Each structure stands twice: as structure tokens, then as C-alpha cells.
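Numbering (full-length UniProt numbering), first residue to last: 1 to 74.
What follows is the structure, encoded as C-alpha cells:
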């Protein structure tokens, strides 16, 4: 059964992979920042800036890498 709510959209495979990797990097950055060195939080900053950039320009390097690796999108 399909949900026809206007604010929902079909999430592509690449979008799910990008979200998973971004979330993993942020979690890893926070853990390393807490347990190793505070400068690891710069990784979370980089991920956040990359997500903002990709939302404004509609271009994501990770999507290009996934296409290059021949990972099929929906």
C-alpha cells in the first residue's frame, strides 16, 4: 500500500546510502572527539557542510562515487 501524503517522496537507494554514511561519519566523529581528541569534531563539521552544499547545489560527490562503483539507483 502506497502512502499518498504530499510531503512524502520515494527515497532512492543512493539517498539512503548517503544518509547512512553521513550518519556513520557524524557518530564516529563525535565518539572520536569525546574519547580521542576534540579536533575529531571537525569531521562532523565537514559532513554537515557537505550536506548543506549538496542541498543547495543538488550535486553530491558520494552520488558520483556510487555511480562510478556501478551501484544501481532505483
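Think of the CB as a built atom: it goes at the ideal place given N, C-alpha and C, for glycine as much as any other residue. Values in this document were obtained by computation on a predicted structure and should not be read as measured data.
*Out of 11, 17 and 10, point me to the one whose CA is closest to residue 61's CA.*
Here residue 61 is taken as the residue at index 61 of the chain shown, counted from 1. Here the closest residue by C-alpha is 17.
*Please state whether DSSP places residue 14 in a helix, a strand or coil.*
Here the question's residue 14 lines up with position 14 in the chain shown. Note: residue 14 maps to helix in three-state DSSP.
_Are the CB atoms of residue 73 and residue 12 within a distance shorter than 8 angstroms?_
Numbered from its first residue, the chain shown carries residue 12 at position 12. Numbered from its first residue, the chain shown carries residue 73 at position 73. Yes, the pair counts as a contact, with Cβ atoms nearer than the cut-off.
*Would you tell me roughly how many angstroms separate the C-alpha atoms of residue 29 and residue 50, rounded to the nearest one?*
The residue you call residue 29 lines up with position 29 of the chain shown. The residue you call residue 50 lines up with position 50 of the chain shown. The C-alpha of residue 29 lies about 15 angstroms from the C-alpha of residue 50.
*For residue 64, name the three-state secondary structure that DSSP assigns.*
Taking the first residue of the chain shown as position 1, residue 64 is located at position 64. Residue 64 falls in the helix class under three-state DSSP.
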